[in-house]
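Scroll down for the structure; my scribbles are underneath it.
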Amino acid sequence: MSLLRHLALIATILATILNIYIYTYPSLDSNNCDWQYTYYNEEDLSPLQHSLLGLPYIGDIYKHVFFKEDPRLFPEPMDLRIMAIGDPQINGNWPSTRYMKRLDNYANDWYIGHVFRTMKPRLNPQIVAVMGDMFSSQWISDSEFYNRTKRMITRLFPRPEAQTAAELGFIGRYADVDWRAHYRWFNQALNEGLFKNSSSYSYSEVRDWTSANITEEPLFINITGNHDIGYGDTTYQHMCRWRKLFGKDNFWIEYAKNTDHAWRVVVLNSLALDGPLLQPEFERYDWQFIDTLAQTPYNGTTILMTHIPMYKKEGLCADGPFVDHFNKSNCPPKANCKIGLLKSENHLQYATSQRVLNAVFANSSGIIMTGHDHVGCINYYNYDPETSTWEASKSVTSEKHVTELTVRSVMGEFEGNIGIVTGHFDRNAHNWDFHYSTCSFSIQHVWWAAKLSLALAVLLDTLLVIR
Ligand SMILES: *[C@@H]1O[C@H](CO)[C@@H](O)[C@H](O)[C@H]1NC(C)=O
Ligand SMILES: *[C@@H]1O[C@H](CO)[C@@H](O)[C@H](O)[C@H]1NC(C)=O
Ligand SMILES: *[C@@H]1O[C@H](CO)[C@@H](O)[C@H](O)[C@H]1NC(C)=O
Ligand SMILES: *[C@@H]1O[C@H](CO)[C@@H](O)[C@H](O)[C@H]1NC(C)=O
Ligand SMILES: *[C@@H]1O[C@H](CO)[C@@H](O)[C@H](O)[C@H]1NC(C)=O
Ligand SMILES: *[C@@H]1O[C@H](CO)[C@@H](O)[C@H](O)[C@H]1NC(C)=O
Ligand SMILES: *[C@@H]1O[C@H](CO)[C@@H](O)[C@H](O)[C@H]1NC(C)=O
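The sequence shown: position 367 = 367 (this note's numbering), numbered continuously.
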């Protein structure tokens, strides 16, 4: 055999194995890469089909390619199915960005997109939640913000055109946001007390925000991250463009209200709770949201989604307690720095965390989903009724407790992780049980290798044929 023939063979084998792997990786870890409960009708299957399904890996591929869940087997109420995406933090290109880095940014979009395109049809979730930090920096122009949003909508997390036409249309005009008008709207609303009125935040039974009303597609929830809007340096410009393209920063949606299985999603902007802020009125507004939520009677389960995790002592997650403020020497160029403002923090501060937990979970059970700590972890906040305080721990020590799921990042360095949250209603105990697993892909180089080996195999095989 000639050298070319050898190389072509090796490249073809490598490309085949790698490409099968990248499209079927969830089947290698089928327990962690699926909902806790699935509903397949196995009654009419032949013995051969049964034994095929029982095989590791192959059985899982067979199941996901050839079978659909049988809605007749779904429990009532149906399980809650949430697919969580931790901190994508996509980069952008500056005029000075080198060619290799540009290529890397481009490929990274498709790498994360690959994870999404593999997991979304597999899971068919009811909700997709991006846990904040869509972008790598809050110090970017409107134009760059639009360009990254467009990449997010078209490459990373593509959705039906009917649902994204408004955002893409707005982006296409490339007009800077009118933050002055936003300033006037915001301050008028604040002065008139609109942010103390639950009708500013409260929704019910939302399955699709858009007029497209595509109810079989997941509801796409965006959570503000420090790299999207900033900490103490947040401006009206940041908030205006966020609201324009990603929606409200604070809201809740109630489902199955007035039933024994009521549940709600609460989305909280955790960046304006701990100041000091450049615009202290954002802090006032954020706390008005918390207070309004606390005063709204609720009898059900809550899924609190926010970017920054609650306070916890060292060692419970990768990030320990940490808070930093702007000073003379640590202000990056282009940042809207004022000495003393909040620069960054790993957790919400202790007192803030207590207030948030008490407001949300005083009379409600549930879970917290956060991002920010890229490694991810699970902790339990145990409630002590004597002191009315919550304390994070690796174990449950109190009857009243709330689980915090810090979702591991989807970035390549963290193996393209996806967080999978199943809520299952326990008919006997009359409450929602939650189950969480993480589904890992591989570092981005494996995906790169699959694509490059495929290109190489096609090239070499073509050369062989035309030679
Ligand atoms: C965003 O994309 C548009 C259209 O491709 C381009 O004209 C503009 O320069 C980009 N903005 C930045 C900051 O690169
Ligand atoms: C809250 O807002 C709603 C709708 O805008 C309005 O009907 C209601 O009167 C407001 N409630 C208070 C207490 O202002
Ligand atoms: C959206 O579609 C669902 C059925 O898929 C229907 O029940 C609902 O009324 C529709 N909502 C609107 C606002 O059209
Ligand atoms: C989240 O952001 C996407 C992308 O801009 C948008 O299409 C979607 O409607 C937003 N979701 C909400 C709940 O506002
Ligand atoms: C809350 O809802 C449950 C189930 O419907 C009911 O049994 C209970 O009495 C309610 N509690 C209050 C305080 O309304
Ligand atoms: C929570 O329960 C307590 C005691 O039952 C009650 O006083 C309070 O009003 C309730 N709060 C909410 C928001 O439902
Ligand atoms: C400014 O803060 C940084 C931490 O962000 C710290 O290392 C540095 O010592 C501080 N500088 C001054 C002048 O206080």
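Glycine included, each C-beta is placed from N, C-alpha and C at the ideal position. Model, not experiment: these values are computed from the prediction.
8 Å or more divides the Cβ of A392 from the Cβ of M305. Set against 7 Å, the gap from the CB of N41 to the closest heavy atom of ligand 5 is not smaller.
Around the CB of A318, fewer than 16 other CB atoms lie within 10 Å, so the residue is classed as exposed.
Between F195 and L52, the alpha-carbon positions lie close to 57 Å from each other. Within the chosen limit of 7 Å, ligand 1 does not reach the beta carbon of N91 with any heavy atom.
The DSSP-derived three-state label of M83 is strand. With a cut-off of 7 Å, the C-beta of S199 is classified as near ligand 2, since at least one heavy atom of the ligand falls inside that distance. In chain order, the residues positioned with their C-beta nearer than 7 Å to some heavy atom of ligand 5 are T259, D260, N299, H430. Distances from the CB of S440 to the heavy atoms of ligand 7 are all 7 Å or more. Counted as a single uninterrupted DSSP element, the alpha helix (DSSP H) harbouring S51 occupies residues 47–54. Separation of W139 and M239 (C-alpha to C-alpha, rounded to the nearest whole angstrom) is 13 Å. H325 and G371 have their C-alpha atoms roughly 21 Å apart. For the pair A457 and A8, the CB atoms are nearer than the 8 Å cut-off. Contact between T296 and A272 is absent: CB atoms are separated by about 20 Å, not below the 8 Å threshold.
Cβ atoms of I418 and M100 stay farther apart than 8 Å, at about 28 Å. For N93, the three-state secondary structure derived from DSSP is coil. The beta carbon of Y350 is closer than 6 Å to those of Y311 in its chain, skipping five residues each way along the sequence. Judged by DSSP secondary structure, T389 falls within the beta strand (DSSP E) whose first and last residues are 389–393. By the C-beta density criterion, T292 is buried, having at least 16 other C-beta atoms within 10 angstroms. Going by DSSP, R264 is part of the beta strand (DSSP E) stretching over 263–268. Using a Cβ distance threshold of 8 Å, Q288 and A212 do not count as a contacting pair. Here the segment 56–75 lies against the segment 18–30, with 3 or more beta-carbon pairs under 8 Å apart. Between P125 and M83, the beta carbon gap of about 4 Å places them in contact (Cβ cut-off 8 Å). Excluding five sequence positions before and after Y201, the CB atoms of its chain that fall closer than 7 Å to its own CB belong to N250, F251, W252, F289, T292, given in chain order. If you keep only unbroken alpha helix (DSSP H) runs of at least 4 residues inside the segment 149–174, you get 161–173.
In this structure, DSSP gives L219 an extended state, which the three-state scheme calls strand.
Comparing alpha carbon positions, the residue from R467, V465, K338, G423 closest to W35 is G423. With a threshold of 16 other beta carbon atoms within 10 Å, V465 falls short and is exposed. For the pair of segments examined, the segment 382–389 was found not to touch the segment 38–56: the number of CB pairs separated by less than 8 Å stays below three. The shortest C-alpha to C-alpha distance from A166 to any of P75, N93, F246, F282 is the one to F246.
Classified as buried, P218 has 16 or more neighbouring CB atoms from the shown chains inside 10 Å of its CB.
In the structure shown, the three-state DSSP call for T438 is strand.
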